[in-house]
Every structure is written in structure tokens, then in C-alpha cells.
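Q: Take the sequence shown: its letter number 209 is residue 209 in my numbering, and every next letter is one higher.
Attaching a single structure in C-alpha cells format; questions to follow.
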Amino acid sequence: MLGVGISVVFSKTASVFSNVLKNAGKLLLGTVCAGILGLVYTLLAARTLSPAGLGVVALIFAWPRLIATIGTCQSWQVILHYGAIPLEQGDRKAVQRSFAFAFGLDLIAGLAGLLIGIFGIIFFSHALGFENSYLFYLAFFGCLIIPGRCLNNSMTGALRLFDRMGMIAREEPYIALSRLLMALLAWQMDWGVTGFVFAYGISMLIGQFYLIYACLKVLKEKGFKFAPSFRLLKLSKEMPKGVWELVLSSNFAQSVYSGMIPALSLVLGAFFGPAVVAFFTLADSFINAIGQPADLLERSYYPELTRLDIRKSELWFLLLKVEFLSALLAVAGMGLVWIGGEPLFAFFGSDYVAALPILVFMAPTLLFWLSTMPLAGVLYSAGRSKSAAGIQLIYVISMAFFMSIAIFYHSISGIGIAYSMANAVNILVYLLIVAHVFHHRKGIIPLHERIG
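Rendered as C-alpha cells:
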């Protein structure tokens, strides 16, 4: 009987894992296209602008990215955790409530974020490095990406709920292609930093508007309405218990995690100057590009995770498969960095060779970072969103500690070492808490079953 049970579990897990890989494949095609176009754009920007000029482009968008990250409410978590199983059960009212809550939350957050971004530039322009008049006005333009970045969370969540990964996959190529075309125009017209700032910002807006269009189209096809609710407190009382805890905790966790890079860019700019910001941004972009396959795997895995019962074996077998594949991708990525990093950076020109030590020491981050991706979803499914938030707080504290040492010694290589060490602390804490959840899994009540 035990053998039959295990066989059934493996059969079901294999089917789910196959769907994960299929959806990841859809995303991969778009990401590969975007990656190639993005690499050409980066080469063009590096050849056209000095390291300081490239650093200015990064700094212009560091502030709005930071505000957008803090303002983003992770509303897609609400849609998946409170809409996935009700959708399978035919409870359309519950699904529509999750949409109304998520869309309303994002619209409020986007408008608030835009106002905060503008006021921040007006009152703290010197601290943000925008004391130069033309940088001051370019920073205002950068803030236009804030509302769309917030709203795209719920839009992406709806598309993931309906298994429309192909539509999501088109966003990145659209952004990359439009960015490259506008960068070519800026290069041809000799518009310098200003041209590349507009190329980056307008391409982001194009991607945001595409996702909004795609989501509205799918909602109409499925018979649902884009009807955001702004009476969120009242609506939350009609939803299962814990929706605000999920929203606030996941928002805090993601804000802390994603906001760290823009914040770190601002700090490095203050201590080392724009050139080092460019080096760090280049190394971080390279690490993110290599980690894209595993990121796509996680984005495909998460909707499947929300459809499984955390108390049963299927979810945990799926987690093991995704973790194993993520680790393989990470090891391959580390090898690519150490073997191919130097030849690739040679294409950017001699001015950017100084970024190579940062990249080399950041390489172990791939193993730690990619291994944490599947674990976060398990904590949210277990109702442990506060634990996920706590882990990210520990991560930022450890990053600040290790980076302060690098800054104290004015070490560029130390930036990469500090980055890897902070990520090592992160995965260690994740593993300890997920092991605790696994041990107590039988007593967990899934989020959609919690009565308010």
C-alpha cells in the first residue's frame, strides 16, 4: 500500500512539474530574446557613455525604483493564494473579490508612490544626488514608472492565475526591443545621458501598458471584471482571515529585498562615486541575467504551489524537484561567470574591467539566491508570511554589516564578497524555518480555508 501511495504521489507531482517546465519554457523564449537585446543595449550604452554617465542613468532610476518597490503591495500573492483553489472549485465570487482587492490596493499604492517620489525629489534632491538642474528634471521623468510598476503586480497575478505565461513572456522582449531602438536613436542623435534616460524610462512604460492590456483582455475572456475596490477594509472582512497579514508581510519582505539594490546603489554612489555604481550595476545585471532561467522556473512553480495542499506530500516532492533543478542551474551559472566573465567584460571596453572583481566574488550568490526562490512560496502557503518578512530583515541587516566593512576598507572586491556572504546568511535562515514548517505541516490550515 505504501508503494502504491508513493507511486500516486510521484505521478501527480510529475504532472505538476511537467506543467511548471512547460510554462517556464514559454517564459524562457521571451527572456532569451530580451536578454540578447538587453546585452546589445548595455554594450551600446557602455560604448556611448562613460562609466560616470552610465552611473548617472542608474542613479536617475534608483529613487523611483526604490519607491515603487516599497509601494508595491505584492497583490499577486492575494490573487494566487485566495483565488487559485476557489477558481478550480468554481467559486467565481471569491475570485472576483481577490481581483477587486488586489487591483484597488495597487492603484492606491501607485498613486501614493508617485506623490512620495515627487516630494522626495523636491525636498531631498541634494541627498539623492540630483542637485544638478538637468538631473533634477530627469528624476521627475523617472517617477512616471512608479504607478505602472505597482499596478503590474496584480495584472501579472491575474495572468498567472489563468496560466497565461505566454502573454507575460512577451513583456520583456517588448521592453528590451523598444529600449534598444530608442537607445540607437539617442546614439545617432548624440543625445548622451538624457537620451538613454528617456530610452530606459519610455521602454518601461511600454512594458507596463502592455501588461495592463493583456490582463484586461484575459479578464474579459474569462467573464471577470476589472472592478477595483477602494473600500479595502470592508472588502477584507468578506475574505478569509489573514489577508492583511499576507499583504503587509509580503510587501515588507519584498520591499526590503528588492529595495536593497537601489538603496545600495545610492550608498555606493555617495561613498565611491557614479563609476562604482556603474560597475556594481553591471555586475548585478550580469548575475540577474544568469539567474533568469531559475527565476522563470520559480515564476512558473508558484501558481502550481498555491493549488497544492501544504499538508500533503505532493507539494514537498515538487519543492525538492524545483530545488534540485535550481541548484544545477546555479552551479552552471557560477561556472559561466568564472570562465566567461572576463571575455564578456572585454566587450564593454577597458574602462569596465574594474567591475570584474565584483562579479567574480558575487558568483556564489547564484547558489544561495536561486536556492531561496522556491522556499519563500512554501512559507507563504503555510501562512508564515511574518517569518518571510523576518528573514528579509535579517538579510538586509547582514548585507549592511558586510557592506559597511567593504566601504570602510574602500574595497571594490569587498562589495562582491559582502553580497555573497549576506546571501549565504539568507539561505541558511530560510532552510531552518522551512524545516520547522515541514515538521509541523500536519497542523497547518491553508490560507483560503481560514475563517475570518
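Note that CB positions come from ideal geometry on N, CA and C, so glycine has one too.
A quick note: this is a predicted structure, and the numbers were derived from the prediction, not measured.
Sorted by chain position, which residues of the same chain lie with C-beta nearer than 6 Å to residue 74's C-beta, five sequence neighbours on each side aside?
A: Taken in chain order, the residues that qualify are 250, 251, 254.
Q: Helix, strand or coil for residue 453? Go by DSSP, reduced to three states.
A: What is shown of the chain runs 1 to 452, which leaves residue 453 out entirely.
Q: Please tell me whether residue 200 and residue 395 are closer than 8 Å, where the distance is taken between their beta carbons.
A: No, the pair does not count as a contact, with Cβ atoms beyond the cut-off.
Q: For residue 314, which of helix, strand or coil comes out of DSSP?
A: If DSSP states are grouped into helix, strand and coil, residue 314 belongs with the helices.
Q: Over the uninterrupted alpha helix (DSSP H) stretch that includes residue 98, give me the two end residues.
A: Taken as a continuous stretch (DSSP letters only), the alpha helix (DSSP H) holding residue 98 covers 92-124.
Q: So for residue 188, helix, strand or coil by DSSP?
A: Residue 188: helix per DSSP, three-state reduction.
Q: Can the beta-carbon of residue 23 be found closer than 8 Å to that of residue 326?
A: Result no, Cβ atoms of residue 23 and residue 326 do not sit closer than 8 Å.
Q: Given a threshold of 16 other Cβ atoms within 10 Å of its Cβ, counted over all protein chains shown, does residue 15 qualify as buried or as exposed?
A: Exposed is the call here.
Q: Go ahead and label residue 18 buried or exposed: buried means 16 or more other beta carbons lie within 10 angstroms of its beta carbon, across all protein chains shown.
A: Residue 18 comes out exposed.
Q: Could you spell out where the alpha helix (DSSP H) holding residue 233 opens and where it closes?
A: Its alpha helix (DSSP H) spans residues 232-236.
Q: Identify whether residue 262 lies in helix, strand or coil by the three-state DSSP scheme.
A: Three-state DSSP puts residue 262 in a helix.
Q: I need the boundaries of the alpha helix (DSSP H) containing residue 413, first residue and last residue.
A: Unbroken alpha helix (DSSP H) run through residue 413: 412-439.
Q: For residue 219, which of 136, 50, 162 has the nearest alpha-carbon?
A: Selected option, being the one with the closest Cα: 162.
Q: Under the rule that 16 or more other beta-carbon atoms within 10 Å means buried, what is residue 338, buried or exposed?
A: It counts as exposed.
Q: In the DSSP assignment, find the alpha helix (DSSP H) that holds residue 352 and state where it starts and stops.
A: First-last for residue 352: undefined, no H or E at that position.
Q: Decide if residue 453 is buried, meaning its Cβ has at least 16 other Cβ atoms within 10 Å, or exposed.
A: It is not possible to answer for residue 453, since the shown part of the chain is limited to 1 through 452.
Q: Indicate the three-state DSSP secondary structure (helix, strand or coil) for residue 167 in the structure shown.
A: Residue state, collapsed to three classes: helix.
Q: Can you tell me whether residue 223 is buried or exposed? The criterion is at least 16 other CB atoms within 10 Å of its CB, across all chains shown.
A: So residue 223 counts as exposed.
Q: Could you give the distance in angstroms between the alpha-carbon of residue 439 and the alpha-carbon of residue 169?
A: Distance between the alpha carbons of residue 439 and residue 169 is about 37 Å.
Q: Given this structure, state the Cα-to-Cα distance separating residue 381 from residue 180, to the nearest angstrom.
A: Residue 381 and residue 180: Cα-Cα distance of roughly 39 Å.
Q: Quick one: residues in its chain with C-beta nearer than 6 Å to the C-beta of residue 414, no 5 flanking neighbours on either side, listed in chain order?
A: Hits under 6 Å: 406.
Q: If we count the other Cβ atoms within 10 Å of its Cβ and call it buried at 16 or more, is residue 273 buried or exposed?
A: With fewer than 16 Cβ atoms within 10 Å of its Cβ, residue 273 is classed as exposed.
Q: Within the chosen definition, does the region 109-124 reach the region 56-70 through at least 3 CB pairs nearer than 8 Å?
A: Enough Cβ pairs lie closer than 8 Å, so yes.
Q: Could you tell me how far apart the beta carbons of residue 399 and residue 424 are, in whole angstroms, since I believe they sit closer than 8 Å?
A: Incorrect: roughly 11 Å between the Cβ atoms, too far for contact.
Q: Beta carbon of residue 330, beta carbon of residue 367: below 8 Å?
A: Yes, Cβ-Cβ distance for residue 330 and residue 367 is below 8 Å.
Q: When DSSP labels each residue in this structure, what does residue 74 get in the three-state scheme?
A: Residue 74: coil per DSSP, three-state reduction.
Q: Below 8 Å, how does it come out for the region 27-42 and the region 229-246: are there three or more Cβ pairs, yes or no?
A: Touching, no, given that fewer than three Cβ pairs across the two stretches are closer than 8 Å.
Q: Going by other Cβ atoms of all chains shown within 10 Å of its Cβ, with 16 needed for buried, is residue 174 buried or exposed?
A: Buried, because 16 or more other Cβ atoms sit within 10 Å of the Cβ of residue 174.
Q: Starting from residue 157, trace the alpha helix (DSSP H) in both directions and tell me its first and last residue.
A: Element bounds for residue 157: 145-161.
Q: Going by Cα to Cα distance, which pick from 108, 165, 117, 41 is closest to residue 25?
A: When only C-alpha atoms are compared, the closest one is 165.
Q: Just the C-alpha distance for residue 90 and residue 83, rounded to the nearest angstrom, thanks.
A: Roughly 10 Å between the two C-alpha positions.
Q: By the 10 Å Cβ neighbour count, where 16 or more other Cβ atoms means buried, how is residue 436 classified, buried or exposed?
A: The residue is exposed, with fewer than 16 neighbouring Cβ atoms inside 10 Å.
Q: Between residue 302 and the rest of its own chain, which residues show a CB-CB distance below 8 Å, the 5 nearest in sequence each way excluded?
A: Excluding positions up to five away in sequence, the list reads 80, 160, 377.
Q: Is residue 126 buried or exposed, if buried means 16 or more other CB atoms sit within 10 Å of its CB?
A: Result: exposed.
Q: If you check the beta carbons only, do residue 470 and residue 211 fall under 8 Å apart?
A: Nothing about residue 470 can be reported from this structure: the residues present for the chain run from 1 to 452 only.
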